[in-house]
Structures are given as structure tokens and as C-alpha cells.
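Be aware that the sequence shown starts at 1, since it is given in UniProt numbering, and climbs by one per residue. All C-beta atoms in this analysis are idealised placements derived from N, C-alpha and C, irrespective of residue type, glycine included. Some notes on the structure that comes next.
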Amino acid sequence: MIVVSIANQKGGEGKTTTSLNLAWGLARRGKKTLLIDIDPQANSTGIFLNPEGLDKSMHNIFQTKAKVREVMVQTQVENLNIAPSRLTLAEAETIAAIVDAPYILRDALADLEKEMDFCVIDCPPSLSIFTINALVASNYVIIPLQAEKFSVDGILGLQQTITSIKKRINPSLEIMGALVTQLKPQTLLTKTIIPVLTKYFRIFDTSISDGVAVGESHLARKSVYEYNKSSRQAQEYEGFIEEFLNELKK
Numbered sequence: 001m002i003v004v005s006i007a008n009q010k011g012g013e014g015k016t017t018t019s020l021n022l023a024w025g026l027a028r029r030g031k032k033t034l035l036i037d038i039d040p041q042a043n044s045t046g047i048f049l050n051p052e053g054l055d056k057s058m059h060n061i062f063q064t065k066a067k068v069r070e071v072m073v074q075t076q077v078e079n080l081n082i083a084p085s086r087l088t089l090a091e092a093e094t095i096a097a098i099v100d101a102p103y104i105l106r107d108a109l110a111d112l113e114k115e116m117d118f119c120v121i122d123c124p125p126s127l128s129i130f131t132i133n134a135l136v137a138s139n140y141v142i143i144p145l146q147a148e149k150f151s152v153d154g155i156l157g158l159q160q161t162i163t164s165i166k167k168r169i170n171p172s173l174e175i176m177g178a179l180v181t182q183l184k185p186q187t188l189l190t191k192t193i194i195p196v197l198t199k200y201f202r203i204f205d206t207s208i209s210d211g212v213a214v215g216e217s218h219l220a221r222k223s224v225y226e227y228n229k230s231s232r233q234a235q236e237y238e239g240f241i242e243e244f245l246n247e248l249k250k
């Protein structure tokens, strides 16, 4: 099982959209895929389920050390399961002082290693214990971000966290690259910022352009492919997934 964290401590960068469409796209290609929502806001979960109606969620993983198998739910999409979140997950941040806190998710995933092809983790917009758990459990990190100054300003903290986890806990962790989202390609800001970003990370050749299809797909509780497969954003996410899969072959 290949585990990929979609992470950025800044909100509004496209983490949930990228997590959803990457997981959905892999499942559509016949890959057994698990989407883990590790954000207490539960936005990924809300596409498939009512978070407040859940008996079990990621809260159980962190509070009682349940296995992910015990909380995951088969979605209406073939090959796609979700380990859902709900607001009560925020209560579990108090575990940060526990010695084995960074390893909880990794241990909870261990028995799914041979059952799933991919696990995609939708991280919260913070460098919290949940994001740290995701990075400790992951093989790769993908960083969605916008071509904006504030996005660049926040990169250093994330980069330092990833480097520290790689050095101290998870030597196999790799940054696969940054995915530029909500791109406005003709603006001067975009033309100025993109070269700056390349100093920090590899940038995916594919970028996701600004447009209404993504937001409308969330309202419809669908992937961008299901909502409007002919939209530019759907085609761009398809291109991104192909690029992602090609990177794994290298």
C-alpha cells in the first residue's frame, strides 16, 4: 500500500479537493483506495456521509487506538473506502504529550497493508499532531498551493516539519511535489511566484486552473469527474493523476 499525505498548513489551498479527486481517480482506475479524513472539519467526509451521524470515526483511532479497518466505510464509488472524520476529532489533540502519539495512525493502518493499493490522507490546515501522524505514516507528500505570496510564506514551516520527520522518524518519507491549484496563468503574480516555488519543491507539470467546476462539484457531493468530466479542472486532475502514477514508476 502506498500512503500519500495531501498537506499544507495554510487553509484554502486545495487539500480536500485534491485528496478527493486523487482518491476518486485512483479508484476509477481499479485501484483499491482508502481516503482518510484526518481533519476535524470533516469536509472530505461530508461528500460521502453525514459526519454527525457516525458511530465510529477517526476520533476512535486517536482516543481508543482502534484500527482503521474498524472505522472505514465503503463509499458508493467502486474500490473507494473512506475512514471518516467528525468534529469530535479535535478533542484528541490532547494526545500530543503521549510518547507514542506520532505513531498512532501508522500502527492503526498496519493490517491494511496488503488489502489496499493506495491510501490518501486529507490533512488539516495546520501542523498539528494529526498532520504529524499522517506524515509519519506516509511514503509521499503532495503539497497543494496557490501561486500567491502568502502560500510561499508558509512553505518554510511545512518543509522544516517534513525534513524533521524524515530525519527522526520516517526516513522513507519523500516530497513528491507541489500541485499548483486555482491557477490564473496570465497574471504577473503567477509568472513571478512559480519560479520561486521551484526553489523549495518540484512542481507538478500539471496545474489546476481557477474555475467553478470544482466548487460546484462539492455542492453536488461528487468528484469533478462525475460532476463535469468535460470541464478543464476534470481534465487537469486526470492529467495530475497520470503524472502521479508515472512518478511512482521512476
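Specify whether the segment 101-119 and the segment 29-42 touch according to this definition: at least 3 beta carbon pairs, one from each stretch, less than 8 Å apart.
yes
For a test of the three-state rule: what should DSSP assign to Phe204, helix, strand or coil?
Indexing the sequence shown from 1 puts residue 204 at position 204. Residue state, collapsed to three classes: coil.
Give the secondary structure of Ala90 by DSSP, where H, G and I count as helix, E and B as strand, and everything else as coil.
The count along the sequence shown starts at 1 and reaches residue 90 at position 90. DSSP places Ala90 in helix when its eight states are reduced to three.
What is the DSSP secondary structure of Ile98, counted as helix, strand or coil?
On the sequence shown, residue 98 is found 98 positions in, with the first residue counted as 1. Ile98: coil per DSSP, three-state reduction.
Between the C-alpha atoms of Glu70 and Ser138, what's the straight-line distance to the nearest angstrom?
Here the question's residue 70 lines up with position 70 in the sequence shown. Here the question's residue 138 lines up with position 138 in the sequence shown. So the two alpha carbons sit approximately 20 Å from each other.
Is the number of C-beta pairs between the segment 1-14 and the segment 87-95 that are closer than 8 Å three or more?
no
Using DSSP's beta-bridge definition, name the partner residues of Tyr140.
In the sequence shown, the residue the question calls residue 140 occupies position 140. DSSP, once it has assigned bridges, lists Val4, Glu174 as partnering Tyr140.
Between the segment 156-174 and the segment 207-218, can you find at least three pairs of beta-carbon atoms closer than 8 Å?
no
Please return the same chain residues whose Cβ sits closer than 8 Å to the Cβ of Glu236, not counting the five positions on each side in sequence.
Taking the sequence shown and counting its residues from 1, the one referred to as residue 236 is at position 236. If we look at Glu236 and ignore the five residues flanking it on each side, its Cβ neighbours are Thr206, Ser207, Ile208, Ser209.
C-beta contact flag for Val73 and Ile82 at 7 Å:
Locating residue 73 in the sequence shown gives position 73, counting from the first residue. Locating residue 82 in the sequence shown gives position 82, counting from the first residue. Going by C-beta atoms, Val73 is nearer than 7 Å to Ile82.
Please report how far the alpha carbon of Leu248 lies from the alpha carbon of Gln160, in whole angstroms.
Along the sequence shown, one-based indexing puts residue 248 at 248. Along the sequence shown, one-based indexing puts residue 160 at 160. Each residue's alpha carbon lies about 24 Å from the other.
For Val224, count the other beta carbons within 10 Å of its own beta carbon; 16 or more makes it buried, fewer makes it exposed. Which is it?
By 1-based counting over the sequence shown, the position of residue 224 is 224. Looking at its Cβ environment, which holds 16 or more other Cβ atoms inside 10 Å, Val224 is buried.
When you compare only the Cα positions, how much space is there between Thr64 and Ala108?
Position 64 of the sequence shown, counted from the first residue, corresponds to residue 64. Position 108 of the sequence shown, counted from the first residue, corresponds to residue 108. Cα-Cα distance, rounded: 11 Å.
If I follow the unbroken beta strand (DSSP E) through Leu80, where does it start and stop?
Position 80 of the sequence shown holds residue 80. Counting along the chain, the beta strand (DSSP E) containing Leu80 begins and ends at 80-83.
Taking the C-alpha atoms as reference points, what is the distance between Pro40 and Thr198?
The count along the sequence shown starts at 1 and reaches residue 40 at position 40. The count along the sequence shown starts at 1 and reaches residue 198 at position 198. Distance between the alpha carbons of Pro40 and Thr198 is about 31 Å.
Can you tell which of Gln146, Leu245, Glu238 has its C-alpha closest to the C-alpha of Val196?
Position 196 of the sequence shown, counted from the first residue, corresponds to residue 196. The residue with the shortest Cα to Cα distance from Val196 is Gln146.
Any idea what DSSP makes of Asp117, helix, strand or coil?
One-based indexing of the sequence shown puts residue 117 at position 117. Coil, per DSSP.
Please classify Asp122 as buried or exposed, where buried requires at least 16 other C-beta atoms within 10 Å of its C-beta.
As a working mapping, residue 122 is identified with position 122 in the sequence shown. Result: buried.
Across which residues does DSSP place Ile36 in a beta bridge pair?
Reading the sequence shown from its first residue, position 36 is the one you call residue 36. DSSP, once it has assigned bridges, lists Ala83, Ile121 as partnering Ile36.
To the nearest angstrom, how far is the alpha carbon of Thr131 from that of Ser44?
Translated into the one-based positions of the sequence shown, residue 131 becomes position 131. Translated into the one-based positions of the sequence shown, residue 44 becomes position 44. Cα to Cα, Thr131 sits roughly 15 Å from Ser44.
Quick check on the burial criterion: 16 or more other C-beta atoms within 10 angstroms. Buried or exposed for Ser172?
Here the question's residue 172 lines up with position 172 in the sequence shown. Result: exposed.
Going straight from the alpha carbon of Asp57 to that of Lys222, what length do you get?
For the purposes of this step, residue 57 is identified with residue 57 of the sequence shown, where counting begins at 1. For the purposes of this step, residue 222 is identified with residue 222 of the sequence shown, where counting begins at 1. Sequence inspection shows Ser at residue 57; the Asp mentioned does not correspond to that position. Roughly 21 Å between the two C-alpha positions.
By alpha-carbon positions, which one of Asn21, Asn8, Gly12, Lys15 ends up nearest to Ser217?
The residue labelled residue 217 in the question sits at position 217 within the sequence shown. Among Asn21, Asn8, Gly12, Lys15, the Cα nearest to that of Ser217 is on Asn21.
Have a look at Leu219, Gly215, Arg202, Tyr103 and flag the residue whose alpha-carbon is nearest the alpha-carbon of Arg168.
As a working mapping, residue 168 is identified with position 168 in the sequence shown. Measuring from the Cα of Arg168, the nearest candidate turns out to be Tyr103.
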